[in-house]
Amino acid sequence: MSASVPGNDWHARTLRTWQLALLRFAVTLNNADRLAVMAIASEIDRLDPRHDGKPDFSFFCRTSAALCAAILQPNEFTSTVLRQYLARIDDDRLKRAFAATIQADQPRPSAVGKPVKHDNRLWKGLPSRGNHQL
Numbered sequence: 271m272s273a274s275v276p277g278n279d280w281h282a283r284t285l286r287t288w289q290l291a292l293l294r295f296a297v298t299l300n301n302a303d304r305l306a307v308m309a310i311a312s313e314i315d316r317l318d319p320r321h322d323g324k325p326d327f328s329f330f331c332r333t334s335a336a337l338c339a340a341i342l343q344p345n346e347f348t349s350t351v352l353r354q355y356l357a358r359i360d361d362d363r364l365k366r367a368f369a370a371t372i373q374a375d376q377p378r379p380s381a382v383g384k385p386v387k388h389d390n391r392l393w394k395g396l397p398s399r400g401n402h403q404l
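If you count the sequence shown from 1, position 6 lands on 276 in our numbering, and the numbers rise without skipping.
What follows is the structure in structure tokens.
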């Protein structure tokens, strides 16, 4: 860490780098970009001063793995994971860019379970087919 950069700025930049790497992976779906996300996450986990580099702290690695999996294979469960991550992004431009990227890959909700509504009022006032002569 540079002496000219305060600690909070350095942490904010590192977090933003991680978020941008996730966005890049969401756009490209490239394995090299996924590996970059994991490398940055590993670095962040190692440098957290509250855990003194203990190997049992792996929040960013676990979160990155879950997000990358959710991006690769979207479904109802992973949609929740992506929306939770999206809610944590502070930068509006980054949030909009990530939201646009994941929406393109989100599965459409199916109509299974919704009853089909038969609305007979549509034909009200018209003669029935049985009354027509051919």
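We treat Cβ as the ideally placed atom computed from N, Cα and C, and that holds for glycine. Computed from a predicted model, the values in this text were never measured in an experiment.
What is the rounded straight-line gap between the Cα of residue i and the Cα of residue j?
| i | j | result |
| --- | --- | --- |
| GLN354 | PHE329 | 15 angstroms |
| LEU356 | LEU299 | 18 angstroms |
| ALA259 | HIS281 | Residue 259 cannot be examined here, being either before or after the span of the chain that is shown, 271 to 404. |
| SER312 | ARG304 | 12 angstroms |
| VAL351 | SER398 | 52 angstroms |
| ASP279 | ALA302 | 27 angstroms |
| ASP362 | LEU285 | 15 angstroms |
| HIS365 | GLU346 | Checking the displayed sequence, the identity of residue 365 turns out to be Lys instead of His. If you take the alpha carbons of LYS365 and GLU346, they lie about 20 angstroms apart. |
| ARG283 | ALA367 | 18 angstroms |
| ILE341 | ARG316 | 25 angstroms |
| ASP360 | ALA291 | 16 angstroms |
Can you tell me which of the options puts its alpha carbon nearest to the alpha carbon of residue i?
| i | options | result |
| --- | --- | --- |
| GLN289 | ASP315, ARG358, GLY395 and SER398 | ARG358 |
| GLN343 | GLN373, ALA291, ILE314 and PHE327 | GLN373 |
| GLN327 | ILE314, CYS338 and THR287 | Note that residue 327 is Phe in the sequence shown here, rather than Gln. Comparing Cα-Cα distances from PHE327 to each of ILE314, CYS338 and THR287, the minimum goes to ILE314. |
Hey, residue i and residue j are a contact pair by Cβ (cut 8 angstroms); roughly how many whole angstroms apart?
| i | j | result |
| --- | --- | --- |
| LEU293 | THR371 | 7 angstroms |
For this session: Assess, as a yes-or-no matter, whether the region 294-313 is touched by the region 334-354 under the definition of 3 or more beta carbon pairs within less than 8 angstroms.
Result: Short answer: they touch.
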